[in-house]
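Q: Residue numbers (the numbering used here), protein chains in the order written: chain V, 3 to 346; chain S, 3 to 346.
There are 2 protein chains.
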Amino acid sequence: MAAVKRLTQRDIAQLAGVSQATVSLVLNGTPLSRSRIPTETRERVEKVIRDTGYVADPVARKMVKGLNRILGVFTYEPAFPSGQADFFTPFLFGIEEAAQSLGYDLLLLTGAGQQRKIFGDNVRLRLADGCVILGRKFDNTELARLVAGDFPFVAVGRRDDAGGPVPYVGGDYAPATSALVERAKSYGHRRIAYVGLNEGAESTVDRWYGFSRSVGEAELVTSIFEVGRPPNEVLDILLSAGATCVFVTELADAIAIEHAARTRGLSIPDDLSIVVLGNHIRAEEPGRRFTSFAIPREAMARAATEMLVRRVEHDAPVEQLLLHCEPLEGDTLGAPSSKIKKTK
Amino acid sequence: MAAVKRLTQRDIAQLAGVSQATVSLVLNGTPLSRSRIPTETRERVEKVIRDTGYVADPVARKMVKGLNRILGVFTYEPAFPSGQADFFTPFLFGIEEAAQSLGYDLLLLTGAGQQRKIFGDNVRLRLADGCVILGRKFDNTELARLVAGDFPFVAVGRRDDAGGPVPYVGGDYAPATSALVERAKSYGHRRIAYVGLNEGAESTVDRWYGFSRSVGEAELVTSIFEVGRPPNEVLDILLSAGATCVFVTELADAIAIEHAARTRGLSIPDDLSIVVLGNHIRAEEPGRRFTSFAIPREAMARAATEMLVRRVEHDAPVEQLLLHCEPLEGDTLGAPSSKIKKTK
DNA sequence: CAGAAGTGCTAATGCGTATTAGCAGATAAT
DNA sequence: ATTATCTGCTAATACGCATTAGCACTTCTG
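1. Report buried or exposed for arginine 266(S), applying the criterion of at least 16 other Cβ atoms within 10 angstroms of its Cβ.
2. With hydrogens ignored, establish whether the beta-carbon of leucine 136(S) is closer than 7 Å to any heavy atom of the ligand HEM.
3. Given this structure, state the Cα-to-Cα distance separating glycine 132(V) from aspartate 255(S), to the nearest angstrom.
4. Kindly indicate which three-state DSSP category serine 21(V) falls into: helix, strand or coil?
5. In chain V, what lies closer than 8 Å to glycine 151(S) by C-beta?
6. Where do the N-terminal and C-terminal ends of the beta strand (DSSP E) with tyrosine 196(V) fall, by residue?
7. Using the Cα positions of leucine 240(V) and arginine 231(V), report the straight-line distance between them to the nearest angstrom.
8. Pick from Leu108(S), Val57(S) and Arg147(S): whose alpha carbon is nearest that of glycine 74(S)?
9. So which residues on chain V does aspartate 64(S) lean against when the C-beta distance must stay under 7 Å?
10. Report the rounded CA-to-CA distance for isoleucine 297(S) versus arginine 313(S), giving the unit in angstroms.
11. Could you work out which residue in Ile257(S), Gly173(S) and Ser216(S) is closest to arginine 160(S) when comparing CA atoms only?
12. When you compare the CB of glutamate 79(V) with every CB in chain S, is at least one pair closer than 8 Å?
13. Give the straight-line distance between the Cα atoms of glutamate 99(V) and leucine 182(S), rounded to the nearest whole angstrom.
14. Can you confirm whether leucine 129(V), when its beta carbon is compared against all beta carbons of chain S, has any partner nearer than 8 Å?
15. Quick check on the DSSP output: the beta strand (DSSP E) that includes phenylalanine 213(S) runs from which residue to which?
16. Given that a residue counts as buried once 16 or more other Cβ atoms are within 10 Å of its Cβ, and exposed if not, what is glycine 332(V)?
17. Relative to the C-alpha of arginine 147(S), which residue among Phe89(V), Ala15(V), Arg52(V) and Asp273(V) is closest?
18. Taking 8 Å as the threshold (beta carbon to beta carbon), is asparagine 281(S) in contact with chain V?
19. For a test of the three-state rule: what should DSSP assign to proline 329(S), helix, strand or coil?
20. Which residue comes first and which comes last in the beta strand (DSSP E) that contains isoleucine 257(S)?
21. Evaluate valine 156(V) with the Cβ neighbour count: other Cβ atoms within 10 Å of its Cβ, from every protein chain shown; 16 or more gives buried, anything less gives exposed.
22. With distances taken Cα to Cα, identify the nearest neighbour of phenylalanine 76(V) among Glu328(V), Ala263(V) and Leu136(V).
23. Quick one: is asparagine 30(S) near chain V, going by C-beta distance under 8 Å?
24. Using DSSP's beta-bridge definition, name the partner residues of alanine 157(S).
25. If valine 223(S) sits next to isoleucine 194(S), beta carbons under 8 Å apart, how far is it from one beta carbon to the other, in whole angstroms?
26. Does aspartate 107(S) get closer than 8 Å to chain V when you measure Cβ to Cβ?
27. Can you give, in chain order, each stretch of the alpha helix (DSSP H) that sits fully within the region 36-84 of chain S and has at least 4 residues?
28. Using beta carbons (cut-off 8 Å, strictly below), is leucine 111(V) in contact with chain S?
29. Straight-line CA distance for leucine 325(V) to valine 168(V)?
30. Taking CB distances under 8 Å as the criterion, tell me whether asparagine 70(S) reaches chain V.
31. Since phenylalanine 162(S) is in the beta strand (DSSP E), which residue starts that stretch and which ends it?
32. Starting from valine 149(V), follow its DSSP beta bridges and name the residues at the other end.
33. Identify whether threonine 293(V) lies in helix, strand or coil by the three-state DSSP scheme.
34. Which residues does DSSP pair with serine 225(S) in a beta bridge?
35. Output the distance between the C-alpha atoms of aspartate 317(S) and leucine 310(S), rounded to the nearest integer angstrom.
36. Does any CB atom of chain V fall closer than 8 Å to the CB of glutamate 98(S)?
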């Protein structure tokens with residue numbers, strides 16, 4: 003309706019019959035300077051502020067102070083599309099929760115266009131005091147620039163050095179994977195397979211590292227370093243290699259393999275144990291519950307947010323934190339059937 | 003680590019032997035003013051910029067330009083908790099999509115505590131250029147203040163006047179409900195019931211309005227204006243009233259009623275048709291698909307965001323938009339069985 | 001009763017940029 | 001030769017706020 007003219011401190015000052023400086027002092031004066039403003043005046047100003055709903059312009063504030071009590075959230079992939087929703091939602095929830103309790107608002111950076119870049123001509127990121135970065139795969143050039151620069155940020159998920167240590171909070175996938183391997187071995191599995199990528203994103207590498215350091219040479223019977231291959235084909239390879247247990251990085255693959263196996267009349271876990279490395283999708287999925295480990299997404303996001311605030315407020319040094327991933331019992335890992343054992 | 007002093011245009015100017023104004027003009031002068039700077043000078047400045055890696059401080063830039071290109075998102079209920087997730091996620095997705103394509107970032111207001119108020123002390127809504135408001139039920143006092151004020155906002159969901167017309171984008175529930183009633187009647191239903199609230203939130207009122215204007219006096223055999231009543235009790239009432247078809251506003255109630263009916267050996271839709279007024283939860287729910295209508299949540303959110311930007315950028319007048327809700331075929335609405343027909 | 005200390009407030013300044021008005025010199029037009 | 005136009009640049013200002021120095025006045029101190 004009326005012109006989109008933002009209220010300024012000058013307007014407030016005029017309404018309250020004081021100067022702009024006084025308004026500013028009322029809003030955020032030090033206890034020292036505050037004591038020089040009598041209660042009467044302060045209340046008069048505060049009333050006008052309340053009545054008008056005035057809030058200091060964060061841009062001007064940022065110009066002079068540097069801080070805004072706003073945290074940026076940058077996601078390399080669009081955050082909400084349904085496909086990604088189950089992946090990002092817990093993170094966003096955790097970030098929101100922590101931000102709220104720390105008194106920060108969230109600036110969701112929409113990535114402006116097709117290419118999501120932190121450093122575009124839209125460096126709007128800097129409006130925030132700092133930034134949480136989400137995504138399966140990061141742009142390493144940008145990460146290096148961030149590390150080199152002086153803008154506070156924290157990554158969710160472990161990141162390799164990028165011209166310096168990257169502050170992050172991640173899931174401790176390697177030991178979690180190792181633990182599952184040990185569990186499989188203690189069940190008697192001696193012919194184990196791996197299906198999934200073994201390089202690329204750090205999270206992938208960590209899983210493979212944890213797996214390979216616990217599996218002996220003799221025990222790893224086959225590995226399929228790709229995702230989304232036709233399940234029957236995968237199953238053929240597994241069976242002909244005599245695998246009694248398969249570790250799968252992607253839940254979707256695990257589901258497909260399990261389905262294929264059942265179709266052939268195989269029993270799980272008797273004829274083939276399946277272990278998934280991380281609960282990628284909602285846990286309440288109906289039907290079979292895969293043996294896996296939990297990824298504490300909300301806790302990771304909360305910790306990352308708190309770490310970020312530490313960096314923003316106290317210029318804290320770079321921290322790197324890996325959170326424990328609890329094993330999920332599930333019902334797809336068991337002792338191999340004696341029949342298969344014999345064929346070995 | 004130590005706060006390295008950012009390069010400013012003044013530094014660039016000094017290095018290039020020109021004034022700050024010239025640097026600014028080189029960076030973003032109009033073709034008009036640009037033509038007044040000889041190539042030689044421009045290239046000298048550009049070289050310095052390239053060599054130093056200077057980037058204009060976006061904060062200062064915004065300061066002088068006025069708008070922040072930020073849209074606020076205010077939700078009356080916390081947005082992310084899993085219970086609400088299915089309700090809010092499509093909206094957030096739509097908002098994000100539209101904001102992105104329009105070049106806006108999103109400021110998620112974290113609501114800071116238990117009571118969510120727009121005009122609280124620490125709600126810094128006004129950081130944004132405008133605001134999208136989400137929620138099942140609004141605070142009418144606040145809405146009135148918003149309407150009276152000059153802060154651009156758009157509500158998602160129809161809203162009654164609050165001291166003036168409220169700009170909104172909603173779902174057109176009344177005709178969608180009417181259409182389902184007509185469909186039921188054309189199947190031969192003459193004894194129809196209604197289960198759900200009929201007053202309160204606008205969306206509720208619209209459903210009841212659409213229902214009651216299409217159902218004749220004689221056809222409405224009973225109505226239960228409450229939610230969450232024990233399903234067996236509800237079913238008793240429906241059956242003793244001789245209803246052949248029941249309209250339910252809450253999916254949860256519909257599920258409960260359907261379950262109770264099946265338990266008693268009733269067949270749906272033969273013995274009892276069930277119509278749900280709106281797909282409140284994810285459509286891909288396994289099992290029975292209720293006859294209902296689709297709520298175009300993403301489209302609503304997109305339209306609301308676009309409307310908001312229109313208001314922010316061009317000071318556009320208040321608009322009110324209701325989007326069509328497509329009927330969902332489902333399999334819980336069919337012709338009443340002749341047996342029941344006879345009992346009538 | 002002079003000086004010190006305290007009180008209540010404001011003018012002035014700077015943050016880094018975009019933008020406008022306009023200056024000095026050169027060239028063209030009359 | 002005088003004015004008009006163009007060229008190449010810069011000074012000055014505004015954006016909205018936080019912050020410092022300090023003014024005018026009152027009250028206390030010795």
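Virtual Cβ for every residue (Gly too), placed ideally from N, Cα, C.
A: Short version:
1. In the second sequence, residue 266(S) corresponds to position 264, counting from 1. The residue is exposed, with fewer than 16 neighbouring Cβ atoms inside 10 Å.
2. The ligand HEM is absent from the structure shown, which contains no ligand whatsoever.
3. Counting from 1 along the first sequence, the entry for residue 132(V) is found at position 130. Counting from 1 along the second sequence, the entry for residue 255(S) is found at position 253. Their backbone Cα atoms lie some 45 Å apart in a straight line.
4. Stepping through the first sequence from its first residue, residue 21(V) is reached at position 19. In the structure shown, serine 21(V) sits in coil (DSSP, three-state: anything other than H, G, I, E or B).
5. In the second sequence, counting from the first residue as 1, residue 151(S) sits at position 149. Correct list: Gly55.
6. Within the first sequence, residue 196(V) is the residue found at index 194, counting from 1. Per DSSP, tyrosine 196(V) belongs to the beta strand (DSSP E) from 194-197.
7. Numbered from 1 along the first sequence, position 238 holds the residue referred to as residue 240(V). Numbered from 1 along the first sequence, position 229 holds the residue referred to as residue 231(V). Using only the alpha carbons, I get a separation of about 13 Å.
8. Taking the second sequence and counting its residues from 1, one reaches residue 74(S) at position 72. Residue Leu108(S) is the option with its Cα nearest to glycine 74(S).
9. For this step, residue 64(S) is matched to residue 62 along the second sequence. The sequence given here has lysine at residue 64(S), not aspartate. Within chain V, the residues near lysine 64(S) are Val61.
10. Within the second sequence, residue 297(S) is the residue found at index 295, counting from 1. Within the second sequence, residue 313(S) is the residue found at index 311, counting from 1. Isoleucine 297(S) and arginine 313(S): Cα-Cα distance of roughly 25 Å.
11. Your numbering for residue 160(S) matches position 158 in the second sequence. Nearest C-alpha to arginine 160(S): Gly173(S).
12. Position 77 of the first sequence holds residue 79(V). It does not: the Cβ of glutamate 79(V) has no partner Cβ on chain S nearer than 8 Å.
13. Numbered from its first residue, the first sequence carries residue 99(V) at position 97. Numbered from its first residue, the second sequence carries residue 182(S) at position 180. When rounded, the distance between both Cα atoms is 41 Å.
14. Here residue 129(V) refers to the residue found at position 127 when the first sequence is read from its first residue. At least one chain S Cβ lies under 8 Å of leucine 129(V).
15. Counting from 1 along the second sequence, the entry for residue 213(S) is found at position 211. Unbroken run through phenylalanine 213(S) is the alpha helix (DSSP H), 204-216; no beta strand (DSSP E).
16. Here residue 332(V) refers to the residue found at position 330 of the first sequence. That one is buried.
17. Stepping through the second sequence from its first residue, residue 147(S) is reached at position 145. Residue Arg52(V) is the option with its Cα nearest to arginine 147(S).
18. Here residue 281(S) refers to the residue found at position 279 when the second sequence is read from its first residue. Not an interface residue.
19. Position 327 of the second sequence, counted from the first residue, corresponds to residue 329(S). Three-state result, proline 329(S): strand.
20. Counting from 1 along the second sequence, the entry for residue 257(S) is found at position 255. Where isoleucine 257(S) is concerned, there is no enclosing beta strand (DSSP E), although the alpha helix (DSSP H) it sits in stretches over 253-265.
21. Working through the first sequence from its first residue, we reach residue 156(V) at position 154. Valine 156(V) is buried by the Cβ-count criterion.
22. What you label residue 76(V) is simply residue 74 of the first sequence in a count that begins at 1. Residue Leu136(V) is the option with its Cα nearest to phenylalanine 76(V).
23. Taking the second sequence and counting its residues from 1, the one referred to as residue 30(S) is at position 28. Not closer than 8 Å to any Cβ of chain V, the Cβ of asparagine 30(S) fails to qualify, so no.
24. Taking the second sequence and counting its residues from 1, one reaches residue 157(S) at position 155. Alanine 157(S) pairs with Ile135(S) and Tyr170(S).
25. Within the second sequence, the letter at position 221 stands for residue 223(S). Within the second sequence, the letter at position 192 stands for residue 194(S). Yes, they are in contact, since the Cβ atoms of valine 223(S) and isoleucine 194(S) sit about 6 Å apart, within 8 Å.
26. Taking the first residue of the second sequence as position 1, residue 107(S) is located at position 105. True, the Cβ-Cβ gap to chain V drops below 8 Å.
27. 41-54 and 60-67
28. Position 109 of the first sequence, counted from the start, is the residue given in the question as residue 111(V). Leucine 111(V) counts as touching chain S.
29. The residue labelled residue 325(V) in the question sits at position 323 within the first sequence. The residue labelled residue 168(V) in the question sits at position 166 within the first sequence. Distance between the alpha carbons of leucine 325(V) and valine 168(V): 16 Å.
30. For this step, residue 70(S) is matched to residue 68 along the second sequence. Chain V, which has a Cβ nearer than 8 Å to the Cβ of asparagine 70(S), makes this yes.
31. Residue numbering aside, residue 162(S) sits at position 160 when the second sequence is read from its first letter. Position check: residue 162(S) holds aspartate in this sequence, whereas phenylalanine was assumed. Per DSSP, aspartate 162(S) belongs to no beta strand (DSSP E) and is neither H nor E.
32. Here residue 149(V) refers to the residue found at position 147 of the first sequence. Partner(s): none; valine 149(V) has no beta bridge.
33. Here residue 293(V) is taken as the residue at index 291 of the first sequence, counted from 1. Correct three-state label for threonine 293(V): strand.
34. Looking up residue 225(S) in the second sequence gives position 223. According to DSSP, which records beta bridges pairwise, serine 225(S) is partnered with Tyr196(S).
35. By 1-based counting over the second sequence, the position of residue 317(S) is 315. By 1-based counting over the second sequence, the position of residue 310(S) is 308. Spanning the two alpha carbons is a distance of roughly 9 Å.
36. Here the question's residue 98(S) lines up with position 96 in the second sequence. Interface residue, yes.
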